[in-house]
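Asker: Chains as they are written, first to last, in the working numbering: chain A, 9 to 426; chain B, 9 to 426.
Protein chains: 2
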Amino acid sequence: MSLMTSWVTSANSDQTPFPLNNLPYGVFSRGDEWPHCGVAIGDMILDVTALEQAGMLYLPEDEVFETAAWNEFMDLGADTWAAFRKALTDMLAMGSDKQKAVEGYLVAQADVQMQMPFDVVEYTDFYAGKHHATNVGTMFRGAENALPPNWLHIPIGYNGRASSVVVSGTDIHRPWGQLKGPNDDLPRFGPSARFDIELEMGAIVGTASDGPITVAQADANIFGYVLLNDWSARDIQAWEYQPLGPFQGKATATTISPWIVTKAALEPFRCDTPAREFELLPHLRDVGPMLYDIDLSVEITPEGGTTSTIARTNYSEMYYSAAQQLAHHTTSGCPMRTGDLLGSGTISGPDKSQYGSLLEMSWGGKEPLTLETGETRSFIEDGDTLALQGAAKGDGYIIGFGGCVGTLLPALETPFKT
Amino acid sequence: MSLMTSWVTSANSDQTPFPLNNLPYGVFSRGDEWPHCGVAIGDMILDVTALEQAGMLYLPEDEVFETAAWNEFMDLGADTWAAFRKALTDMLAMGSDKQKAVEGYLVAQADVQMQMPFDVVEYTDFYAGKHHATNVGTMFRGAENALPPNWLHIPIGYNGRASSVVVSGTDIHRPWGQLKGPNDDLPRFGPSARFDIELEMGAIVGTASDGPITVAQADANIFGYVLLNDWSARDIQAWEYQPLGPFQGKATATTISPWIVTKAALEPFRCDTPAREFELLPHLRDVGPMLYDIDLSVEITPEGGTTSTIARTNYSEMYYSAAQQLAHHTTSGCPMRTGDLLGSGTISGPDKSQYGSLLEMSWGGKEPLTLETGETRSFIEDGDTLALQGAAKGDGYIIGFGGCVGTLLPALETPFKT
């Protein structure tokens, strides 16, 4: 596939993240207006809520885009996803006879604020990157016991907090929590001193399921993908996580990029999962290429400072695909719903320059990394802005996600509101 | 406090779970009708959706009870909770001048099916019963390491699956899952052979919060309580739970009782948490009696058989109150929302007859328990019906919850739908 051209001229570039090939779905607002659903095209947004209100969309139901979230659209099912994408492509393609009717519904991205693109119904975070799991396991349990015994047989994960998922651009306060250092007799309550990021992709469940589903069905049920930063307080996590897993260490915030990149847009970039040490049990086996070749990077910008790119990796480094994670998630009969968000787990490559968390980059704080400015970092400092970037690179075009950005604000002076 | 009398004569008994002192909130349906919200009184239900439609309720907003869930009511805040309870008490009290106007809105409990009383927004399950944690820890890690180091300092918990919460009376299929016995070389996929219950209370968050809250605020934000059975596949859990905690082993279903018993109804039964081995950090300390004296029991009925009561315990056996759990849940800044459900953790007393799970009663399957019929059980068998019962016992009246009941159906022959 090559670049598809549009009468929205800013979309006809090998640099824009949003060519006609992409057509990602978001929610935007202007000032105090009720947010609208929109589709990114070049540096513009096609306002689909306004198009629907004008009777210019032909969907199986009315008022799909009134709620300022893509959940109702997702709930219409895969046939509607395909038909709508085709209709949008027809509207926006170079030479479209719809140009005159539609061009009044374009809004400049520069003039809007992006909102959460969908209501996160529940959020699950996996731990399915082998390099990351090996690195973290080596730090915590030694090289011999790095991977837990179950790791090569199931994509292990834990349930996170949907209420804490925020859209790119939301500032995050350094959290307070219960902390206990290895040499402390007793725990204390204080601000986290080891606040970190995790570079992940998020998969969004579009079609609900009730009971176990196959990997093929799981792949069909996924609607699209976002970038995801699973902010992590390593010191809170270390004290709390045994035996029930991460809880408050992961509950301050999880940031997602503002545009849902559809599975359809990513289709040309499918690739295989890596070779496996143990054959997976039949219900978890790959049924085709289900990862995606998406370049990913992590940028850090100290307050008022210069941006340093501190990691470059690729989604294809994952051991398990989102489809395998979703299939595993249903094995017990667990119902999955439209708007469920599945975090991939931290995506690290084999090389130190490819690690997806500061925990790994600074090897638990023992080897601080040096930024472009000469400053060093073991973990995030107050005022730092962290940005994840992602792009699938095609022949003369890219499929971008928009950034996944957040600035760490200092801890509240007194955490409890009175 | 003693029994308050009502013109609904079935409510004037020291045996009914639903005297005028209680007034719990549920959702009921008749045949294919849209479900209504209702209040239990004796063996009847006052149909508050119909009362609202008739203009006979005076709430700050319209159509509060149109959604067949109590979430919108909870969202109106504690002043409205108190005013509405007072209005209901006035309507239903013996001698009320509203009797004639209201009596047409009574429905017999025998004629309805109970539905989920509220939309579970997210679900968190704690592990805050010390006898239970000690028992399980002793079985898994030996008596010296029974309690994890954090246990006496924070109410540890994990996020569960809201989508899997069902109302009493819902049948449960024995789940499939990935299993690996201690002597197996490799895991296999099969039906759970160690399916269990956990006797818990569920606390429902009525008032949302954004940022850390104190224990006093947390107590104020709780709307009410239900009985909760956290069905648990011990063999799935054993293989999956390290290091990220329970996941599919707890995702088949969690059953709650159909009536939300309000904090107001339980007020006379408040009691203190037990003496503590370590003083809690200030943000988690008790600020008054925050547990409740509620008698709890577990009944098992084999298919077509006789019911055996296999455990009797009390909610006051908990080490941490729901208010302390909710306060801890917010320490990281985690937003909590109206409709969040917090499971207490298994409520076991010190004696073997007081254990809240079959895992403990049969000591990991090594000491099967004997039922009234002479049958034995290590874990649940297909066709068994498990029922939790709960009642706070006052002076001539009880505050009941309705049962929390589920029958275990056999595993699906082939788990995946084709």
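Where a beta carbon is used, it is the ideal one built from N, C-alpha and C, also for glycine. Predicted model only: the values in this text are computed from it and were never measured.
1. Using CA coordinates, which residue listed in B:Ser329, B:Thr314, B:Asp301, B:Gln332 is at the minimum distance from Thr321 (chain B)?
2. Given that a residue counts as buried once 16 or more other Cβ atoms are within 10 Å of its Cβ, and exposed if not, what is Met9 (chain B)?
3. Whole-angstrom Cβ separation of Thr378 (chain B) and Gly364 (chain B), contact assumed at under 8 Å?
4. On the DSSP letters alone, give me the boundaries of the beta strand (DSSP E) that Val413 (chain A) sits inside.
5. Is the CB of Leu417 (chain A) under 7 Å away from at least one CB in chain B?
6. At a CB-CB cut-off below 9 Å, which residues of chain A make contact with Trp247 (chain B)?
7. Are any of the Cβ atoms in chain A nearer than 7 Å to that of Ser340 (chain B)?
8. Listing by chain order, which chain B residues have their CB less than 7 Å from the CB of Ala201 (chain A)?
9. Run through DSSP, which three-state label would Arg293 (chain B) get?
10. Closer than 7 Å by beta-carbon distance: list the chain A residues that pair up with Arg169 (chain B), in chain order.
11. Compute the beta-carbon to beta-carbon distance between Gln117 (chain B) and Ile53 (chain B), rounded to the nearest angstrom, for a pair I have assumed lies under 8 Å.
12. Just to confirm, does Gly34 (chain A) get its C-beta within under 6 Å of one of the non-hydrogen atoms of the ligand ADP?
13. Below 8 Å CB to CB, which residues in the same chain sit around Arg5 (chain A) once its five sequence neighbours on both sides are set aside?
14. Is Thr339 (chain A) closer than 7 Å to Gln256 (chain B) when the C-beta atoms are compared?
15. Quick check on Ser172 (chain B) - is its C-beta less than 7 Å from some C-beta in chain A?
16. Mind pulling the chain B residues with CB within less than 8 Å of Tyr135 (chain A)?
17. First and last residue of the beta strand (DSSP E) that includes Trp184 (chain A)?
18. Give the DSSP-derived three-state secondary structure of Glu248 (chain A) in the structure shown.
19. Let me know if Gln245 (chain A) comes out buried or exposed under the rule of 16 or more other beta-carbons within 10 Å of its beta-carbon.
20. Hey, is Trp239 (chain A)'s beta-carbon within less than 7 Å of any beta-carbon in chain B?
21. Give the list of continuous alpha helix (DSSP H) stretches no shorter than 4 residues that lie fully inside the region 28 to 68 of chain B.
22. Which term fits Arg149 (chain A), buried or exposed, when burial requires 16 or more other beta carbons within 10 angstroms of its beta carbon?
23. Alpha carbons only, please: which of B:Gly296, B:Val234, B:Thr97 is nearest the one belonging to Thr262 (chain B)?
24. Measure the alpha-carbon distance for Pro282 (chain A) versus Leu11 (chain A) and round it to whole angstroms.
25. Determine the DSSP secondary structure at Ser370 (chain B), reduced to helix, strand or coil.
26. When Cβ atoms are compared, which residues of the region 255 to 278 of chain B fall closer than 9 Å to chain A?
27. Taking the beta strand (DSSP E) that Lys258 (chain B) falls in, what are its first and last residues?
28. Comparing the C-beta of Phe126 (chain B) with each C-beta of chain A, is any distance below 7 Å?
29. Since Leu252 (chain A) and Gly165 (chain B) are thought to touch, with beta carbons under 8 Å apart, how far apart are those beta carbons, to the nearest angstrom?
30. Counting only Cβ pairs nearer than 8 Å, list the residues of chain B close to Pro183 (chain A).
31. Taking DSSP as the reference, what is the three-state secondary structure of Tyr166 (chain A)?
32. Helix or strand or just coil, what does DSSP make of Leu11 (chain A)?
33. Going by CA-CA distance only, name the one from B:Ile406, B:Met82, B:Ala90, B:Cys45 that's closest to Pro276 (chain B).
34. Can you name the residues of chain A whose CB is closer than 9 Å to the CB of Arg284 (chain B)?
35. Anything in chain A within Cβ reach of Phe197 (chain B), meaning under 8 Å, just list it in chain order.
36. Rank A:Arg242, A:Asn158, A:Ala419 by C-alpha distance to the C-alpha of Asp204 (chain A) and give the top, closest one.
Answerer: According to the data block:
1. Of the listed residues, the one whose Cα sits closest to Thr321 (chain B) is B:Asp301.
2. Looking at its Cβ environment, which holds fewer than 16 other Cβ atoms inside 10 Å, Met9 (chain B) is exposed.
3. Not quite, the Cβ-Cβ distance comes to about 18 Å (not below 8 Å), so this is no contact.
4. 412 to 417 is the span of the beta strand (DSSP E), which, as asked, contains Val413 (chain A).
5. In terms of beta-carbon proximity, Leu417 (chain A) stays away from the interface with chain B, with every pair separated by 7 Å or more.
6. At a beta-carbon threshold of 9 Å, the residues of chain A lying near Trp247 (chain B) are Pro157, Asn158, His161, Ile162, ordered along the chain.
7. yes
8. Result: empty, since nearest Cβ-Cβ is about 14 Å, beyond 7 Å.
9. coil
10. Glu130, Asn167, Cys342
11. 6 Å
12. In the structure on display, the ligand ADP does not appear, and there are no ligands present to speak of.
13. Since the first and last residues shown for chain A are 9 and 426, residue 5 (chain A) lies out of range.
14. yes
15. yes
16. By Cβ distance, chain B contributes Leu252.
17. 184 to 187
18. helix
19. buried
20. Chain B, which has no Cβ nearer than 7 Å to the Cβ of Trp239 (chain A), makes this no.
21. 56 to 61
22. Arg149 (chain A) is exposed by the Cβ-count criterion.
23. B:Val234
24. 29 Å
25. coil
26. Of all residues in the region 255 to 278 of chain B, the ones placed with a Cβ closer than 9 Å to any Cβ belonging to chain A are Phe255, Gln256, Gly257, Lys258, Ala259, Thr260, Ala261, in chain order.
27. Element bounds for Lys258 (chain B): n/a, residue is neither H nor E.
28. no
29. 6 Å
30. Thr339, Ser340, Gly341
31. strand
32. coil
33. B:Ile406
34. Going along chain A, no residue has its Cβ under 9 Å from Arg284 (chain B), so there is no contact; the nearest lies around 13 Å.
35. Leu289, Pro290, His291, Thr339
36. Considering only A:Arg242, A:Asn158, A:Ala419, the residue with the shortest C-alpha distance to Asp204 (chain A) is A:Arg242.
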